[in-house]
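Numbering (the working numbering), first residue to last: 710 to 1030.
Just below is one structure, and these are the notes that go with it.
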Amino acid sequence: MQAAPITRTGRRTGGRTRTALAAGLLTAVLALSGCGASGGSDDSGSASDERALSAGEQNGGQNKAAAAGEAAADSKEGAPRSGTPKKPNPVTAAHVIRTASLSVEVKSASRAAAAARTVAQNAGGLVANESTEQVDDTHDSSHLVLRVPQAEYDGVLRELSGAGKLLSRTSTAKDVTDQVVDVESRIATQRASVTRVRKLMERAEKLVDVVTLEGELSSRQASLESLLAQQASLEDRTTLATITLDLTEPESASEDDSDDPGFVDALGGGWHAFLTMLRWLAMAVGAAAPFLAAAAVLLALWRLLRRRRGGEAGQQPPAAG
């Protein structure tokens, strides 16, 4: 009676053992198949990497040229590529180009030009151009181009305007802040582009690639130098203001400011009238000289005849009584 339960238990235990073995074998098979698949994928990946590396070595020049073209595209865009747009800097200082033109009438153009040079030099500026010429052989005229710092611009302008009689004055102010910022951004981009090309040249191995990259480097350096020249020009014009000054003398340098005649003018006028009268008297005497000569001859003849008649009358005897 007790053997039967023992036999059922042994059967149950044997079934469980076989099930466990089958599960273990299935797990081992799956593991082996996974390792085989992984090994195959690794081998295929290695093969693809080797093929890509070989293709990269064979087409090294094309890859470098493509990289150079991409860098050139970046430089032409004027700003580096980024996912978010670049926000303007609100603290950027204003850059303004100031110019002025003055026309002043002075008593002496040469002295006024010397004073203008002194004013510009005392303000920390310089004389960019100067010329003086004589007009109609009666008075001089001077033309000066002065460069003065922006901080001293207004003061120098007031001082030059008060050097004499102001005939005309014009002034302009042009804001070039956006242009300055744009040139600075393009310079930064171009410098980065030049650096990238130089790095490609260091990694280049073929002569064709080196020659191509050298030509690209020369072109980008020329563009960079042009941008640097623009930056220097903008910096010069925004740092120093330009004042064009024209100095002219009146048509008559001896002319007084007042129109009322003085003692000297009256004396000069009287002397001129006296000389004019003498001239007319001389002309009248010259014109009457022939008539006066004829009258003098006639008067002499009349006196001679009268004397002869008087003498004849005295020599006749008296009549008898």
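Just so it is clear, CB atoms sit at the ideal spot from N, CA and C, and this is done for glycine as well.
Just so we're clear, the structure is a prediction, and the values are computed from it rather than from any experiment.
Local conformation of residue i per DSSP, three classes
i: T808; result: strand
i: R1012; result: helix
i: E842; result: strand
i: A950; result: strand
i: T904; result: helix
i: A837; result: strand
i: Q771; result: With a pLDDT of only 46 at Q771, under 50, the local geometry of the prediction cannot be trusted, and no value is derived from it.
i: A1003; result: helix
i: T957; result: strand
i: R717; result: In this prediction, R717 has a pLDDT of 41, which is less than 50 and means its spatial position is unreliable; what the coordinates show is noted afterwards. Three-state DSSP puts R717 in a helix.
Continuous alpha helix (DSSP H) stretch holding residue i: start and end
i: S817; result: S817 -> no alpha helix (DSSP H), and no H or E assigned at all.
i: G864; result: Y862 to S870
Distance CB(residue i)-CB(residue j) smaller than 9 Å
i: E839; j: H852; result: yes
i: D955; j: V828; result: no
i: T947; j: V885; result: yes
i: L933; j: R900; result: yes
i: S850; j: T953; result: no
i: V906; j: L922; result: yes
i: V867; j: A837; result: The amino acid occupying residue 867 in the given sequence is Arg; Val does not appear at that position. Contact flag unset, no.
i: S870; j: L811; result: yes
i: A872; j: A825; result: yes
i: P858; j: L976; result: no
i: V903; j: Q930; result: yes
i: D846; j: E960; result: no
Span of the beta strand (DSSP E), counted from its first residue to its last, around residue i
i: A882; result: K874 to D884
i: P858; result: H848 to P858
Check: residue i C-beta below 8 Å from any heavy atom of the ligand NAP
i: G834; result: Summarising the ligand content, the structure contains no ligands, and the ligand NAP is consequently not present.
Touch check for the stretch 816-836 and the stretch 889-903: three-plus C-beta pairs under 8 Å?
-> no
If you pair each beta-carbon of the stretch 860-876 with each one of the stretch 803-816, do three or more pairs fall below 8 Å?
-> Short answer: they touch.
Examine the Cβ distances between the stretch 875-886 and the stretch 908-923 and report whether three or more of them are shorter than 8 Å.
-> no
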